[in-house]
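Visitor: For what it's worth, numbering that gives the first Met the number 0 labels the leading residue of the sequence shown as 0, then goes sequentially.
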Amino acid sequence: MMQTVKTGKSARNILQASSKLFGYVVSRQEKTTKKMGRRKSKRKPPPKKKLTGNLDTQFTCPFCNHEKSCDVKMERSRNTGIISCTVCLEEFQTPITYLSEPVDVYSDWIDACEAANQ
0 MMQTVKTGKS
10 ARNILQASSK
20 LFGYVVSRQE
30 KTTKKMGRRK
40 SKRKPPPKKK
50 LTGNLDTQFT
60 CPFCNHEKSC
70 DVKMERSRNT
80 GIISCTVCLE
90 EFQTPITYLS
100 EPVDVYSDWI
110 DACEAANQ
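1) DSSP three-state label for Val71, please.
2) Let me know if Cys60 comes out buried or exposed under the rule of 16 or more other beta-carbons within 10 Å of its beta-carbon.
3) What ranges does the beta strand (DSSP E) occupy inside the segment 39–96, keeping only unbroken runs of at least 3 residues that lie completely in it?
4) Quick test of your reading: Gly80 and Val86, contact by CB under 8 Å. State the CB separation rounded to the nearest angstrom.
5) Near Ser68, what residues of its chain come up, given a Cβ to Cβ distance below 6 Å and the 5 sequence neighbours on each side ignored?
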């Protein structure tokens with residue numbers, strides 16, 4: 000019971016066909032040429048974005064206690080921050096840097112008020 004092998008097949012196909020016929024294992028060299036699939040690596044999820052809201056530019060006046068009555072104007076060209084109350088017309092100026100925000104001007108005003116009270 001011999002089966003004929005078609006001509007024109009590659010040597011690898013001939014080895015596979017003969018191993019099926021005769022039940023022997025394909026040579027070790029033939030096994031090493033086959034590459035195993037790699038396990039897929041899992042990516043880490045991207046970091047969550049921090050929620051940063053806008054800072055207030057209107058604050059409570061420390062003299063008349065009206066809420067959102069103090070407006071802050073940042074004059075970057077002069078490096079000064081000006082905060083003024085629209086109700087009692089109180090005004091305060093402080094030097095600022097390029098990192099300063101309106102809340103920094105307000106906190107400087109509160110600190111100056113506390114220093115004057117002591």
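All residues carry an ideal CB built from backbone N, CA and C; glycine is no exception.
Guide: According to the structure shown:
1) Walking along the sequence shown from the start, residue 71 turns up at place 72. Here Val71 sits in strand by DSSP.
2) The residue you call residue 60 lines up with position 61 of the sequence shown. Buried, by the Cβ-count rule.
3) When DSSP assignments are scanned along the segment 39–96, the uninterrupted stretches of beta strand (DSSP E) that are 3 or more residues long and fall wholly within it turn out to be 69–74, 79–84 and 90–94.
4) Sequence index remark: in the sequence shown, residue 80 carries index 81 (1-based). Sequence index remark: in the sequence shown, residue 86 carries index 87 (1-based). Not a contact, Cβ separation roughly 20 Å.
5) Numbered from 1 along the sequence shown, position 69 holds the residue referred to as residue 68. Hits under 6 Å: Cys60, Cys84, Thr85 and Val86.
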